[in-house]
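Residue numbers 22 to 132, in my numbering, belong to the letters of the sequence shown in order.
Note that beta-carbon positions come from the ideal geometry of N, C-alpha and C, so glycine has one too.
All figures in this text were calculated on a predicted structure; none of them were measured in a lab.
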Amino acid sequence: MGSNIQENNHEHNHAHSNHKHSDEDYKKLINRMSRIIGHANSVKTMMEEHRDCTEILIQISAVKAALNNLGKKILEDHINKCIVDVVGEEQLEEKQKLLKDLNDAIDKFVR
Numbered sequence: 022m023g024s025n026i027q028e029n030n031h032e033h034n035h036a037h038s039n040h041k042h043s044d045e046d047y048k049k050l051i052n053r054m055s056r057i058i059g060h061a062n063s064v065k066t067m068m069e070e071h072r073d074c075t076e077i078l079i080q081i082s083a084v085k086a087a088l089n090n091l092g093k094k095i096l097e098d099h100i101n102k103c104i105v106d107v108v109g110e111e112q113l114e115e116k117q118k119l120l121k122d123l124n125d126a127i128d129k130f131v132r
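Structure representation (structure tokens):
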């Protein structure tokens, strides 16, 4: 709904601006999500097998951390690629420092 795929240049456009993400970037994120889904499915199997609750909780914690890290990566990419494109390249060095500070704050918040 909010995105469309342009087959000829293999980039994804979002409705909120003209920025683009490469298919390679999306493929990495999708592969990461697929691993998380596989991990979550293995937790479900552990539950079906009535495995030890502690083991299950440890694996659930790992899935949660993986999802948080994926979300953080998507947010960082959005900040670094999308917002920078909107703001422009003037005073790039100052903007890069601000972006680093923002990314650090996000990292601390997600922990």
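Closest Cα partner of residue i within the set the options
i	options	result
I120	A86, E45, D98 and N62	Residue identity check: residue 120 is Leu in the sequence provided, not Ile. Among A86, E45, D98 and N62, the Cα nearest to that of L120 is on D98.
K166	F130, S55 and A61	Since the first residue shown for the chain is 22 and the last is 132, residue 166 is missing from the structure and cannot be characterised.
A83	K102, G59 and Y47	G59
K129	K102, K93 and D44	K93
S43	T66, K102 and C74	K102
Beta-carbon gap between residue i and residue j smaller than 8 Å
i	j	result
I95	L123	no
I57	L88	yes
L91	R53	yes
I79	M68	no
Buried versus exposed, by CB contacts within 10 Å (16 or more), residue i
i	result
E114	exposed
Secondary structure, alpha helix (DSSP H): runs of 4+ residues fully inside the stretch 54-122: Fully enclosed alpha helix (DSSP H) runs of 4 or longer: 74-98 and 105-108.
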